[in-house]
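Residue numbers (our numbering): 191 to 500.
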Amino acid sequence: MRKTKNALSGRLSDMDLRLLRVFREVVRAGGLAPAEVALNIGRSTISVHLSDLEARLGMQLCLRSRGRADFKLTPEGEGLYRAILELDGHLAAFKSQVNAIQSQLTGTLRLVMPDDLLEIPRLDLPGTIGRLRNRAPQLQLELQLAAPQELELEILANRADVGINPLHSRRPGLEYQPLFHHQSVLYCGANHPCANTDRLSEELLTQQTLAAPSHAVFSGAAHLYRLFPNRSTANHMAARLAMILSGCYIGFLPEYLARRYVEAGKLIPLLAEHFHYRILNAVTYKKSAAEHPALRLFLEALVINASPCR
Numbered sequence: 191m192r193k194t195k196n197a198l199s200g201r202l203s204d205m206d207l208r209l210l211r212v213f214r215e216v217v218r219a220g221g222l223a224p225a226e227v228a229l230n231i232g233r234s235t236i237s238v239h240l241s242d243l244e245a246r247l248g249m250q251l252c253l254r255s256r257g258r259a260d261f262k263l264t265p266e267g268e269g270l271y272r273a274i275l276e277l278d279g280h281l282a283a284f285k286s287q288v289n290a291i292q293s294q295l296t297g298t299l300r301l302v303m304p305d306d307l308l309e310i311p312r313l314d315l316p317g318t319i320g321r322l323r324n325r326a327p328q329l330q331l332e333l334q335l336a337a338p339q340e341l342e343l344e345i346l347a348n349r350a351d352v353g354i355n356p357l358h359s360r361r362p363g364l365e366y367q368p369l370f371h372h373q374s375v376l377y378c379g380a381n382h383p384c385a386n387t388d389r390l391s392e393e394l395l396t397q398q399t400l401a402a403p404s405h406a407v408f409s410g411a412a413h414l415y416r417l418f419p420n421r422s423t424a425n426h427m428a429a430r431l432a433m434i435l436s437g438c439y440i441g442f443l444p445e446y447l448a449r450r451y452v453e454a455g456k457l458i459p460l461l462a463e464h465f466h467y468r469i470l471n472a473v474t475y476k477k478s479a480a481e482h483p484a485l486r487l488f489l490e491a492l493v494i495n496a497s498p499c500r
């Protein structure tokens with residue numbers, strides 16, 4: 191096979207790196223057939239990749255057959271394999287240097303979260319904090335709790351760096367990265383008059399006083415809130431939960447927050463087939479801070495659990 195000078199004189203493409211990885215795994219496995227498992231591709235595809243690499247480099251890399259015993263590297267193939275191992279070493283050193291840079295991150299990352307954060311099954315904030323601390327032990331954390339509209343204002347006013355909250359609206363200057371949805375349902379306390387009504391009508395229900403958020407509600411739920419002319423407000427979820435548990439109010443709560451109270455008989459869902467809505471939760475930060483190292487590290491460390499089976 192005629193050799194081509196400076197076969198890799200241009201920039202290495204993603205395909206070049208993929209072909210080199212295939213060659214490396216074939217050599218490690220000792221043949222095409224044994225490499226099928228490691229690469230999770232068929233032998234014929236592996237053979238095509240090796241042929242493409244040889245054409246790209248202008249050299250024969252191996253003598254191959256269907257089995258393991260007859261697989262043998264050419265001198266050029268041996269030289270390329272040594273070069274790949276050296277490249278792997280450089281990449282490992284690069285990763286170590288990046289990890290070292292992360293571990294030297296200093297300063298403060300200010301987090302702002304909803305007041306029911308430990309009740310949210312999809313969000314593992316303790317796990318996130320642990321990963322963040324392990325990767326950047328010198329980075330200090332400040333954690334505050336806020337209602338959704340307060341959370342966004344804290345970020346816009348540079349009093350917080352990043353938050354997670356239900357996405358009620360999109361404010362200019364903020365970036366929203368979707369995470370997961372949750373369902374909210376209408377509830378009353380066990381001693382509320384609606385809890386003991388055999389045939390509850392929508393008309394009777396909408397005459398009750400609603401424990402409502404003091405901020406603007408999610409647009410997809412606004413039509414439901416408009417059905418209730420009698421309202422009292424609270425700016426935090428925990429406060430609305432207390433109002434509903436008192437038996438004096440009804441109100442919408444996330445199913446994850448209400449679940450244990452429903453199981454204990456302290457909350458009763460009300461016409462849930464009609465009075466419910468679904469809302470998106472998102473991680474929120476200023477667009478101008480998107481490339482800040484501490485923020486990027488937080489996004490990498492963020493632990494979101496799989497959706498629980500229902």
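Cβ atoms here follow ideal geometry from the backbone N, Cα and C, with glycine treated the same way.
Contact annotation, T298 with E340: C-beta distance approximately 20 Å; criterion of less than 8 Å not satisfied. Around the C-beta of T423, fewer than 16 other C-beta atoms lie within 10 Å, and the residue is accordingly described as exposed. The Cβ-Cβ distance between D206 and R246 falls below 8 Å.
Counting the other CB atoms within 10 Å of its CB gives G267 a total of 16 or more, which places it among the buried residues. Relative to T399, the option among I494, M433, P311 whose CA is nearest is M433. Where N324 is concerned, the enclosing alpha helix (DSSP H) starts and stops at 315-325.
Assignment of A411 by DSSP, reduced to helix, strand and coil, places it in the helix class.
Its Cα nearest to that of L202, the residue L277 stands out among H372, I236, L277, L222. Straight through space, the alpha carbons of I469 and H372 are spaced by roughly 6 Å. Assigned with DSSP and collapsed to three states, F465 falls in coil, not helix or strand. Separation of A219 and A225 (C-alpha to C-alpha, rounded to the nearest whole angstrom) is 5 Å. For the options N420, V473, L443, E490, the alpha carbon positioned closest to that of A429 is the one of L443. Residues Y467, R468, I469 of the same chain have their beta carbon placed closer than 8 Å to that of G410, with the five preceding and five following residues left out of the count.
Just so you know, the alpha carbons of P403 and R300 end up roughly 25 Å apart. Under the DSSP definition of a beta bridge, K476 partners with L364. Comparing alpha-carbon positions, the option among D242, R211, Y415 lying closest to L229 turns out to be R211. When the Cα atoms are used, E463 and P368 turn out to be separated by approximately 26 Å. Only residues of its own chain outside the window of five on either side were considered, and among them R300, V302, E344 have a CB closer than 6 Å to the CB of A350, listed in chain order. Listed in chain order, the alpha helix (DSSP H) runs fully inside the stretch 378-424 are 392-395, 412-415, counting runs of at least 4 residues. Rounded to the nearest whole angstrom, the C-alpha separation of A472 and L357 is 6 Å.
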